[in-house]
Amino acid sequence: MSSITNHDNLPIHQEIITILGRQTGKLVLDYDSTLATKSGFAVKRNEVEAMNLVSTHISIPSPKVISTKLSPDNGIIDISHPQILPEKEVG
Numbered sequence: 217m218s219s220i221t222n223h224d225n226l227p228i229h230q231e232i233i234t235i236l237g238r239q240t241g242k243l244v245l246d247y248d249s250t251l252a253t254k255s256g257f258a259v260k261r262n263e264v265e266a267m268n269l270v271s272t273h274i275s276i277p278s279p280k281v282i283s284t285k286l287s288p289d290n291g292i293i294d295i296s297h298p299q300i301l302p303e304k305e306v307g
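Heads up: the sequence shown begins at 217 in my numbering, then just goes up one per residue.
What follows is the structure, encoded as structure tokens:
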């Protein structure tokens, strides 16, 4: 039996962390739907450059890179969640 948590009833200091994706060498986590982090040994600078390119040159909502920490052995990219317009405002 699965349990469902009403997030509105959680204490204010409790953080909700959700796994958004898992690939070989990469893990994407969501923190309270305000910040996402992509990390792992396969996270490289080219992903940061691609995200920056998309968020700068495309008019659709897309995540923005907040910070990066890249080394030869591991990479961490903190990104914002894109601002999604309600359905009635799209189009």
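Note that beta-carbon positions come from the ideal geometry of N, C-alpha and C, so glycine has one too.
In this text, all values refer to a predicted model and were calculated from it rather than measured experimentally.
Asked                                                                      : Found
L251 vs I235 beta-carbon contact at 8 Å                                    : no
Inter-residue spacing [alpha-carbon to alpha-carbon] between K280 and E265 : 11 Å
Distance between beta carbons of S296 and I276, contact taken as under 8 Å : Actually they are not in contact, since the Cβ atoms of I276 and S296 sit about 15 Å apart, beyond 8 Å.
According to DSSP, residues forming a beta bridge with A252                : D246, I295
Spatial distance of L243 from I274 (CA atoms)                              : 25 Å
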